[in-house]
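The next block holds one structure in the form of structure tokens; read it before the comments.
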Amino acid sequence: NEQRQATRYVLTITTNIEFRQVKDGKVLWSNPSLQFRDEYDVSTSVQATDAAAFLGQDLNALERLATELARSIVSAILEAF
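To convert a position in the sequence shown, counted from 1, into our numbering, add 1393.
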């Protein structure tokens, strides 16, 4: 924006996931570079200067990203079997 402040943030998570058999440690499924991202706009209201409001947006984005990550991992594992 005009004040050279960020108006949007992008969160990206890259993870290495392995699904192993407990008794012998055999890898049943793996994905070494599972990646997810989520974008969210920074509030332009007066609340944007409020740390709690800012962190609340960040936590909401992290929660959405974690939910998407979990669903995708479960789906990928189930499709492999």
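Glycine included, each C-beta is placed from N, C-alpha and C at the ideal position.
Given the structure is predicted, the values throughout are model-derived calculations rather than measurements.
Within its own chain, the residues whose Cβ lies closer than 6 Å to the Cβ of D1431, once the five positions on either side in sequence are excluded, are L1404, A1454, R1457, L1458, listed in chain order.
Taking the Cα of E1461 as reference, the smallest distance to any Cα among L1427, K1419, F1412, V1420 is reached at L1427. Pairing W1422 with A1473 gives a Cβ-Cβ distance under 8 Å. With a cutoff of 8 Å on beta-carbon distance, I1406 and F1429 are scored as near each other. K1416 and Y1433 have their C-alpha atoms spaced approximately 42 Å apart.
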